[in-house]
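Notes follow the structure.
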Ligand code: BGP
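In the UniProt record's numbering, the protein residues as written are 17 to 477.
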C-alpha cells in the first residue's frame, strides 16, 4: 500500500455515554445537566429530541461491538456517565452501572477492541451543577473521587484513560457563549470553570499515578484548531496569537507542559480576569501532566485584527481581541458549513512535535457531519464517498506527519454510528454506521466497508 501506517496503529472511532447510551432514566441513573435541561426546555434541542434514547447503546452494545469488529476497529473510545455510576455525583455507587460498564468493556476486549475510556464528556451530574458545577471547588474534589472510583473499578482492564473530552467546551459553551446549560455569558466565570477543570485533571492524574494502574496511560482529549492570521501584518499576527492562547494553549500548555502560558496570564491580569487559585495548584499542575494527547480536529480558525474597537461597555469576550474571516475560495463541508482544510491536522501534529516534546498523540476525533444523509441512499447503502474522500484527505497528511517523525498512534473517526449530538440531535450525521431513528436499526455505510479494508491493510493506496 502507498500510505502505510505504523504497526499497531489505532483504527477506530469515538463516541460518548450521553450521545450513545440512552436509557437516561433507567437502572438507577441520576440526572446529568443534559437530562435535566431536556426535561425543562426541550425546545432548545433540534427537533425537540433529547438524549433519553440516543442510539440505545445501553441495550445494544453487543450488536455494536460486533459491527466494530466487522469493520476492523482495534480501538474504540466512549465515556463513563458520571451520573449513571454515581447518581448524585458523590456518594453511593450504582451497582447496575458497574455491571453495565464491566460488561461493555469486557465485550470490547473479548472482540479485540481496546477500550479507551473517557471520564467526562460535558455531562455534569445535576446535583453537582446545583452547587455551582465546575465553579465550585467541592465539585473538583467530587470529580477526583469519581475518577478514583473508575480507576479502582475498571483499572485492571482499561489501559487508556482520558480525564476529559474537550474540557474547554463546558467553559465556553456553558459560561461564555451561553449555548449549553447553564447558559451563562460571563468571561470571568468561564475562566474559573476552565481553571478548575485543569486543577481537577492534575489531581485525578496524581491519584492515577498513586494507584499504579498496570501499564495504564492517562491523557486528555482537546479540540485544537490551528489559527491562521489573514496576513503577515503584525496586527493580524497578534490577533491570531491571542486566539491561539485562548482556544489552544489555555488547555494544551498546562496539560502537556505543566504550566499556563505567561502571555495568557498577563493578558488575563490586564483585563482583571484572573481566576481564584490556591497555593498548591501550581505544583500540582506542574507535577501531573498527561501521558498522551487526543487531538480532535474539525476545522482551522482564520483570524484577522479587529476592524472596529470593541464597545468598552459591552461585556468582555475573546472576540474583543480578533475578528474571524473567511478565506476566499476555501473548501467547505457544504453539509455542515465547516471549512475542510486537511493540512490543518498536519500543522497541529508538527507543532506538537516541535513545541510540545513530541508527546504521544493520536487523532481522537475528525469527521464529516452531513445533513439529510438519506438522500445518498442507493441499493440500501448510504453512498458516502464524500466521507471516504474526507478521511483519506486527512489520513494522507497524518501519514506525512508520521513520516516526518510525529508521534501519532492512531486515527479515530467521529463517530461510530450516527449519534445524538447536544443541541443538534441527529441533524448532522457522522457515523460509519447509519442509524434508523424509528427502529434503531443499524446499517453499514459505504465508508464502513472502505474502513474495513484500510484497517486490514493498515493503510490505503
Ligand atoms: C465535538 C464533540 C462531539 C461531537 C462533535 C460533532 O466537538 O466532542 O461530542 O458532538 O463535536 O459536533 P456536532 O454534532 O455539533 O456537529
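Just so you know, even glycine gets a beta-carbon here, dropped at the ideal spot from N, CA and C.
With 16 or more neighbouring CB atoms inside 10 Å of its own CB, residue 447 falls in the buried class.
One thing to note: residue 425 has its Cβ within 7 Å of the Cβ of residue 378.
In the DSSP assignment, the residues bridged to residue 318 are 244. Shown here, residue 378 sits in a strand according to DSSP, grouped into three states.
As the crow flies, the alpha-carbon of residue 471 is around 48 Å from that of residue 323. The beta carbon of residue 88 sits no closer than 6 Å to any heavy atom of the ligand BGP. The beta carbon of residue 401 is closer than 7 Å to those of 462 in its chain, skipping five residues each way along the sequence. When rounded, the separation of the alpha-carbon atoms in residue 314 and residue 148 is 31 Å. The DSSP-derived three-state label of residue 106 is coil. For residue 368, the uninterrupted alpha helix (DSSP H) run begins and ends at 359-371, by DSSP. The criterion of a C-beta distance shorter than 7 Å is satisfied by residue 243 and residue 317. In the DSSP assignment, residue 234 forms a beta bridge with 177. Straight through space, the alpha carbons of residue 88 and residue 469 are spaced by roughly 8 Å. Counted as a single uninterrupted DSSP element, the stretch harbouring residue 39 is not any alpha helix (DSSP H), since DSSP gives it neither H nor E. When distances are taken from the beta-carbon of residue 40 to the heavy atoms of the ligand BGP, even the shortest one reaches 6 Å or more. Taken atom to atom, the span from the alpha-carbon of residue 230 to that of residue 173 is near 9 Å. Short note on residue 286: C-beta not closer than 6 Å to any heavy atom of the ligand BGP. Distances between the C-beta of residue 97 and the heavy atoms of the ligand BGP are all 6 Å or more. Taking C-alpha positions only, residue 27 is separated from residue 413 by approximately 16 Å. For residue 447, the three-state secondary structure derived from DSSP is coil. Proximity of the beta carbon of residue 385 to the ligand BGP is indicated: a heavy atom of the ligand is located closer than 6 Å.
Judged by pairs of C-beta atoms under 8 Å, the stretch 160-180 does not touch the stretch 60-79, as fewer than three such pairs exist.
For the options 208, 443, 325, 364, the alpha carbon positioned closest to that of residue 294 is the one of 208.
In this structure, residue 176 keeps its C-beta atom at 7 Å or more from the C-beta atom of residue 224.
For the 7 Å CB-CB criterion, residue 48 and residue 183 do not form a contact. In the DSSP assignment, residue 154 falls within the alpha helix (DSSP H) that extends over 153-170.
Residue environment analysis places residue 145 among the buried positions, since at least 16 neighbouring C-beta atoms fall within 10 angstroms of its C-beta.
Partner residues in the beta bridge of residue 394, as assigned by DSSP, are 397. One Cα belongs to residue 152, the other to residue 197, and the distance between them is close to 16 Å. Around the beta carbon of residue 350, a 10 Å sphere encloses fewer than 16 other beta carbons of the protein chains shown; the residue is thus reported as exposed. Taking a C-beta distance under 7 Å as the contact criterion, residue 246 and residue 340 do not qualify as a contact pair.
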